[in-house]
Amino acid sequence: MKKLKTILFRLMIRYFFLLFFMFFSLNGFSQGFMTMYGLKGLPNNNELNPSLYDDSSKLYIGLPVLSGISMKSSLDFAYSDLIHYRPAGDSLILNIPKFYKKLKNKNKLSLESTINLFSFAIRGRSKKEWLGFDNFRISFDIKERLIGQIGIDKGYFTLLHEGNVNYLGKNFDLGNMSMNMTHYREYGIGFTKDIMLFDKKFSAGVRTKFLFGKGNLNADKFNMQLLSDDLPTFLQYTALADANVSSPLIFTFDNEGLIDDVNSSNLEDTDSIIGYLRNTKNKGFALDLGATYEFSDKITFGASLIDFGTIRWKKGVYNLSANASYKFNGVDLTQSINEDDADYKSANDVLDEMLDSLENSYKITNSENKYSTPIPTKMYFYGNYKYNYKLDFGLLSRFYFYENNSDFALTLSANAKPVKWFSFSASYSAINGNYNNLGIGMTLRGGPIQFYLLSDNIVAAMRPSRAQFINFRFGINLLFGRDWGTYIVNSPRQ
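Residues in the sequence shown are numbered consecutively from 741, following the working numbering.
See below:
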């Protein structure tokens, strides 16, 4: 059986991690920007609620990449919690106690990225009113999306922080680690309609999304336990792991059904990579729903459900299960002293033998059953108070659900559009227990070209070592035509 480190490195690093960072080098993350929701005159906020179309343009076009370049990452601790400068001097120190104190029982790193391949929207008015109102919006978009989340229990760091002295003669459960990564393409078709309901304006929107999975690693379970005697003279560990994989990587097995090799050669030429990107065997479906209700001339409410769906994985599927048991009795270097001894072994050879024994303790078996995975689902609830047609204030809450994890965010914003060609938003957000997120957003428009820039945490740009949450987005939209409709007197849409 090939060395375990070769299998894991090729599977999780060479393919998924390289793919992930390739996306982050040029991407347009489309979900989760809280400041974007209230930014006036920006057609992209329709991604957070399909009932929104907060500009007066008849036609919106989003060009590949240019309509949104962005990044988002979320971590339960900051870099400075682990590494920081000494109080006196300019050298760095590793502060394990501070880092350990900052950890939660369950810690996670979340990353999401999207490349906008193409999008457009048409806004207009029908010749014949339907249900009392005639404004509507039709949209279409194609996106390449990558989602990643790594979770690790605090127990893995407890051993690093405390050592094993307190657990001699006891069974110590380190907890669980997990890794979930998904790459898929999304085709979305949206429709928004304004309706007069009880003499109030009500907007409803729906977007259907057809998903085509490209690659997936779903490893929800990696549990490790340690046991040593009271002296200690040995250290024994046991581990259990399960993972579902769908990828172009080719697994080969020996006569016992154990993994013998992992081959990635079919990702090393252009034709194979194109074939991977054109794969349509792993199909899925998702739905966006949204509604906006103008309670009065001053107060508006909105709610939306985004990315409610799953992907069914059928191509290149492997269901891997691993278990290991290994007893470590220390390293014997008595044969590594005299090079002239007939039984001499170098320290490197002794270490290699130990690692080989450790790697061979893993027994990895496989089946090839189809499986399904969800995509991250978001729920938004929004309230807005309009001070006048140039200034309003918003309150936005977001609930995020993915696999067995969830988080919550709350944002207060002030949104202004003092002139037709410029809008601005300032926000404060509490995101998953982190309370130092100050955001800004702005749009500039000249003719059909609109430039926008936004971030939910500008403090991270100034002090990145202390940031737990980082995101930014900027891009260029093409907006053509003006359809004032019934808003020519009573609306700030520009």
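Backbone N, C-alpha and C fix where the C-beta goes; we use that ideal spot for every residue, glycine too.
- Item | Proximity below 8 Å, CB of Ala-1149 to CB of Met-776 | no
- Just the C-alpha distance for Tyr-840 and Phe-1212, rounded to the nearest angstrom, thanks. 29 Å
- Item | Assigned secondary structure, Glu-1143 (DSSP; H/G/I helix, E/B strand, else coil) | coil
- Message: Taking only three categories from DSSP, how would you classify Phe-761?
- Response: Note that Phe-761 scores a pLDDT of 43, beneath 50, so its modelled location is shaky and nothing firm can be said.
- According to the neighbour-count rule (16 or more other Cβ atoms, all chains shown, within 10 Å of its Cβ), is Arg-1313 buried or exposed? Outside the displayed span of the chain (741 to 1234) sits residue 1313, for which this structure offers no information.
- Item | Phe-962 vs Asn-1106 beta-carbon contact at 8 Å | no
- Query: Measuring CA to CA, which of Thr-854, Leu-980, Phe-1162 is closest to Ser-1065?
  - Reply: Leu-980
- Message: Assuming the contact rule is C-beta atoms closer than 8 Å, Phe-876 and Gly-864 should be a hit. Round their C-beta distance to whole Å, please.
- Response: 6 Å
- So what does Ser-1163 bridge to, in DSSP terms? Thr-1183
- Query: Thinking C-alpha only, which one of Ala-861, Glu-787, Ser-987 is nearest Thr-854?
  - Reply: Glu-787
- Task: Count the other CB atoms, across all protein chains shown, that sit within 10 Å of the CB of Leu-766; report buried if there are 16 or more and exposed otherwise.
- Result: Low confidence applies to Leu-766: its pLDDT is 35, below 50, so where it sits in the model is not reliable enough to give any reading.
- Query: Considering only residues of the same chain and omitting the five flanking positions on each side of Ser-1061, which have a CB-CB separation below 6 Å?
  - Reply: Asp-982, Thr-1105
- Message: Suppose you measure from the CA of Met-921 to the CA of Leu-886; what does that come to, to the nearest Å?
- Response: 7 Å
- Span of the alpha helix (DSSP H) holding Lys-838? 836-842
- Message: According to DSSP, is Phe-897 part of a helix, a strand, or is it coil?
- Response: helix
- Beta-carbon spacing of Thr-1032, Leu-792 below 8 Å: yes
- When you compare only the Cα positions, how much space is there between Phe-764 and Leu-1218? Confidence is the limiting factor: at Phe-764 the pLDDT is only 41, short of 50, which leaves the residue's position unreliable and the question unanswerable from this model.
- Measure from the alpha carbon of Ala-1043 to the alpha carbon of each residue in Leu-1152, Lys-1067, Ser-1137, then state which is nearest. Ser-1137
- With a 10 Å radius around its C-beta and 16 neighbouring C-beta atoms as the bar for buried, classify Ile-836 as buried or exposed. exposed
- Separation of Gly-1181 from Lys-844, as counted between CA atoms: 32 Å
- Item | Reduced DSSP secondary structure (H/G/I, E/B, other) of Pro-790 | coil
- What does a CB cutoff of less than 8 Å around Asp-969 pick up in its chain, not counting 5 residues either side in sequence? Leu-908, Gly-909
- With 16 as the cutoff for other CB atoms within 10 Å, does Phe-761 come out buried or exposed? A caution first: Phe-761 carries a pLDDT of 43, below 50, which makes its placement in the model unreliable, though a value can still be read off. The residue in question, Phe-761, is exposed, as its Cβ has fewer than 16 Cβ neighbours within 10 Å.
- Counting along the chain, where does the beta strand (DSSP E) carrying Tyr-1120 start and finish? 1117-1128
- Task: Look up Leu-1091 in the DSSP assignment and say whether it is helix, strand or coil.
- Result: helix
- The alpha helix (DSSP H) with Tyr-777 in it runs from where to where? 774-777
- Report back the beta-carbon spacing between Ser-1169 and Thr-1151 to the nearest angstrom; my notes put them in contact at under 8 Å. 4 Å
- Measure the Cβ-Cβ separation of His-923 and Lys-954 and say whether it is below 8 Å. yes
- Top-ranked residue by Cα proximity to Phe-860, from Leu-989, Gly-1123, Pro-783: Pro-783
- Message: To test your reading of the DSSP string, which unbroken alpha helix (DSSP H) runs of 4 or more residues are found completely within the region 1007-1054?
- Response: 1010-1017
- Query: Considering only C-alpha positions, which residue in the set Leu-899, Pro-1114, Ser-850 is nearest to Leu-951?
  - Reply: Pro-1114
- Task: Please classify Ser-1061: does DSSP put it in a helix, a strand, or coil?
- Result: strand
- In whole angstroms, what separates the C-alpha of Asp-1081 from that of Asn-958? 50 Å
- Task: Flag this pair as yes or no: are the beta carbons of Leu-1221 and Ser-797 separated by less than 8 Å?
- Result: Note that residue 1221 is Gly in the sequence shown, not Leu. In contact: Gly-1221 and Ser-797 (Cβ atoms closer than 8 Å).
- Task: Can you tell me which of the three DSSP states Phe-1214 falls into?
- Result: strand
- Between Ala-1154 and the rest of its own chain, which residues show a CB-CB distance below 6 Å, the 5 nearest in sequence each way excluded? Phe-1133, Ala-1166
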